[in-house]
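Below is one structure; the comments refer to it alone.
In this note's numbering, the protein residues as written are 12 to 1273.
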């Protein structure tokens, strides 16, 4: 096989006169031909002293094309221009320091490309959160970049042999830098995936061409040292990428900054290429020399072989793009080397999935420190380079002297691979079987050192071999190997997650190890004609290993949705948790014994389709199961209970997601409980809900607004996705109605119905003889009666709200204590536990605490009383409940579209709710339900089902979500129960005034952003436009405070002290400013619990506001909404009040008369300021956040505004021609408008005129 030295000097040292080709060139070409015949790697032979006219080797064919015919051959011309070995224009004659600089530059370009390939590893979580895609899609950000390596080399390698190395580098890095900018600016999943693939395609140029540059500038004797350093780059980049991105993620910077860093890195490389990288490809240099000679001598007969190519454009492209495949197909040795190198390369990317499992999950390293775990691989590579230079490179120099004047056979380069192949397999075995969490993390960490060492040896050996053996087509040969190994690099991470989940890291690393060992070059392989022949046994070994491992996996042989009840019961009863592969706990086995007594467990064969975690095995397909709940408390508590029943930590395989709180782990969680509103928001970004294989709508009988909309969406989705399983669950649902609704099959058959006995014990129901005038007092009396007279057992009392519950708790406790003091032998101790949605999760969990123990060993047992809102009707099962007290009321939000009033009213419950409440008493033993209303009222007055929320709610937010989902015809949407047209019209009107929808009902750019904020449209609009008033920081705070329960505490016995503390924090210009002031003081006092307590503030609500604010801030960053403020406090307050007008201009009150009453603008409802209002006077114009209907109509959370702001920022809504004549409000606004006209300052109109800011200030917002 010809060496680099022999092939690059196959021409004379300088230009010879016509007819006098130098003997040096003639001797060199004869030597090259003879060497080729001897080694057998070239098929050309010498016959009667003449060279054959047609080459039989791919490399020889290209050499003939590049450097022309040899002397004596047909077509040889004495005017052919050549560059000899001593010519100053020959790259191999350049100075050694300059050649080392070019080598380092080539390595830097490869490092850039490979670093960019793995860099997203550290920000995967951020990408999944921002783009709301699964872990598999996140892995695609790496795999698609590497997949680009499969395309790029097909172009860049052979193209560099046509237009030169330098031109290819400039073109590719120019586009590559641009695609990095595209990644940094991506706003959706499609854009970032496309830019990553295109970036990888253009970044692939140095993978095939940098090695070719080294072959251009170094001869065989010195190339080994250069390649030793160069070889670090292809795998140093993938190991350094996670380190950098991990620390960036740990520092909390936006994921976009990683791509900006990659952009700067690529741009710097582009500058270095343009200004410091010369052309190095000899045939192109010969062309340049020929052109220069023609110009200098005036003799047009001088020519270079490349200039006489007469191929058409099509032929040229076919040859350029096809050469890598031709080289690979015609060279068996190249095929063998390529496959082995590809396996090694794929295993490097395989580690990106194994390392997080071992070091993050097993040893709990944070993302920043985790990135450092890749450094031993890099250090091992450095050690490999040093040992190569000290031991193996001198051996090759001695071999050169031994073989001189012939070149060293390329097979000598492979001795490194013989050392490295077993070292590589041993290192993987070492890493896999020391990766238990119980073993020190240093054991698997140190395994990376020999792993990196062996990788460098393997790549050094194979790179050197390819360049030595295929010099003139080195770029094409390297391109073909790059394409194949990139397929492995892109493909391995895609199945790695499932492999490690199924086999765990110990066994997961073994199949590649078993593949690799017989596949690597080693002395036991047969050698013939210079080609190493691998033994083809790894397929049988892998199959045998997989079968052996399958018996150890609890899910081995399971086929999703074709699973038997016996399989499930066997897995549940096993000693190992099939999902976590950890031993079952004693608590799990105790819970399992209880579950076996449930009716549904006995019906497992019938209900197997409902056991979705086992029947669907979603984690094996990278899918999730969604289970919606109507309330946050239910989502959290049920998720906790299910996690306990499945013996898993909450937040791992089982988690929950509620507004402003996500307790899931992307890539691990496969069963996600969530509020129905959260799933609806996910559908806006993913209409097909592709992440989910099963969706469960639980407690559907409550008919919440989000559940009703989800039913319509899922019905349409069921027709598009045959693989999607939809389960609707309820204890009191009108089953037939919903069976017909979900009849989506072609034959129109109703959806199948499964029934399970719910109540396991009888419940005796008692009614009152007469209606109770005060249901709260009646409830307290009934609870105390039960405590005195009934058998032991806990009590569940339903009331309507937080204030009622807290007051009842105090009264019951006082009465019970009196009873205990009067007659301690007749009643036991009693504990009252409140339950409502605004309680912190830790306090909500108190309902599961056991009842208090008796005061004396022989005394009466204690009793637990849970006083709850209707959240305890469903989802929650509280052990020990025997008695239920049902007053028959609950609070319901009711919207009146005519006057635009949204009120929270105490209303009678439905029969379905009453049955649910009674059912709480029969869970553990026979129980009793005391209904504080007559049986006649139950039969005659109560509705059968709860009135659907969609019929009594403001639909503005829902309409915005539907339009974002692409549903424009809101009237024809397939509702279960269609809302009133007037309600829809009011919602469309509001969104139109807010500029979220245009006049045709289409979503505006502003509306698209508003829909992505988990807020009411008014607050979303206000937050988005706030930077134009330089107060977005403050508006963000106000919105967060408005999104949490009331922060003020006002204990009944300390009301004066609470009012005084509130007055100290009140801002007289408005309640919104007061909320902002409270939060700022909370921050200044470092979240001090004592400060909150002393100022009668709810620490829990303030903590929640801080959490909400952080999450909304991330939403703002996602849409690049600036967080700004105004330094001047007075000006700041004015700016905040102006920004508030932009959101709440439809909620304006105007003071009329001397009685202090206000009229709502346009609706003309008489209202009063709520007693909690902190204004120091009664301004003429106010905006309000809530309309509250209690003893009389009130407006709450009020701020003073100026009427000119209304005309300026909402000119369309405050068009005076739309106001009825004769009203005081119109006259007041007319006076302001006339005053503005006299000052020649007419109100500016925004471009769309729908309640926008003036165009000058709103330009950025829209």
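Even for Gly, the Cβ is constructed at its ideal location relative to N, Cα and C.
* Return helix, strand or coil for residue 775, following the three-state DSSP convention. => strand
* To do: Using 10 angstroms around the beta-carbon of residue 1015, count the other beta-carbons present and answer buried if the total reaches 16, otherwise exposed.
  => buried
* According to DSSP, is residue 1144 helix, strand or coil? -> helix
* If you count every other CB in all the chains shown that lies within 10 Å of the CB of residue 634, and 16 or more means buried, which is it? -> buried
* Report the three-state DSSP secondary structure of residue 780 (helix, strand or coil). => coil
* Asked: Taking residue 903 as the reference, which of 912, 918, 597 has the closest Cα?
  -> 918
* Check whether residue 675 and residue 688 have beta carbons under 9 Å apart -> no
* To do: Pick out whichever of 273, 288, 417, 243 has its Cα sitting closest to the Cα of residue 394.
  => 243
* Where residue 674 falls: helix, strand or coil (DSSP) -> strand
* Could you give the distance in angstroms between the alpha-carbon of residue 761 and the alpha-carbon of residue 1233? -> 59 Å
* Same chain, Cβ closer than 7 Å to residue 268, five either side skipped, listed in chain order -> 259
* Asked: Cα separation between residue 582 and residue 589?
  -> 7 Å
* Residues bridged to residue 1081 by DSSP? -> 1210
* Expressed to the nearest angstrom, what Euclidean distance is found between the alpha-carbon atoms of residue 397 and residue 236? -> 10 Å
* Could you tell me the distance, in whole angstroms, from the CA atom of residue 753 to the CA atom of residue 726? => 6 Å
* Kindly indicate which three-state DSSP category residue 954 falls into: helix, strand or coil? => coil
* Among 1123, 585, 414, 690, which one has its Cα closest to the Cα of residue 657? -> 585
* Asked: So does the segment 450-470 actually touch the segment 425-441, counting three or more Cβ pairs closer than 8 Å?
  -> yes
* Going by C-alpha distance, which of 144, 96, 613, 124 is nearest residue 698? -> 144
* the segment 1104-1112 / the segment 1045-1064 touching (three or more Cβ pairs under 8 Å) -> yes
* To do: Taking residue 213 as part of the alpha helix (DSSP H), name the residues at either end of that continuous run.
  => 200-214
* Do the CB positions of residue 845 and residue 813 come within less than 9 Å of each other? -> yes
* Asked: residue 1289 and residue 882 look like a contact to me (Cβ under 8 Å); what is the Cβ gap, rounded to whole Å?
  -> One cannot answer for residue 1289 here, as it falls past the ends of the chain, which runs 12 to 1273.
* State buried or exposed for residue 609, treating a residue as buried only when at least 16 other CB atoms are found within 10 Å of its CB. => exposed
* Residue nearest to residue 135 in terms of C-alpha spacing, selected from 217, 480, 270, 832 -> 270
* From residue 1048 to residue 1123, what distance separates their C-alpha atoms? -> 10 Å
* Does the separation of the CB atoms of residue 690 and residue 639 fall below 9 Å? -> yes
* Does the beta-carbon of residue 1161 have 16 or more other beta-carbons within 10 angstroms, so that it is buried, or is it exposed? -> buried
* Which of helix, strand or coil DSSP assigns to residue 1088 -> helix
* Tell me which same chain residues have a C-beta within less than 7 Å of the C-beta of residue 745, skipping the five on either side of it? -> 956
* Could you tell me whether the segment 971-986 touches the segment 1000-1013, where touching means 3 or more Cβ pairs closer than 8 Å? => yes
* Would residue 759 be called buried (16 or more neighbouring beta carbons within 10 Å of its own) or exposed? -> exposed
* Report buried or exposed for residue 804, applying the criterion of at least 16 other Cβ atoms within 10 angstroms of its Cβ. => buried
* To do: State buried or exposed for residue 1167, treating a residue as buried only when at least 16 other CB atoms are found within 10 Å of its CB.
  => exposed
* Per DSSP, what kind of secondary structure is residue 939 in: helix, strand or coil? -> strand
* Asked: Touch check for the segment 296-313 and the segment 198-216: three-plus C-beta pairs under 8 Å?
  -> no
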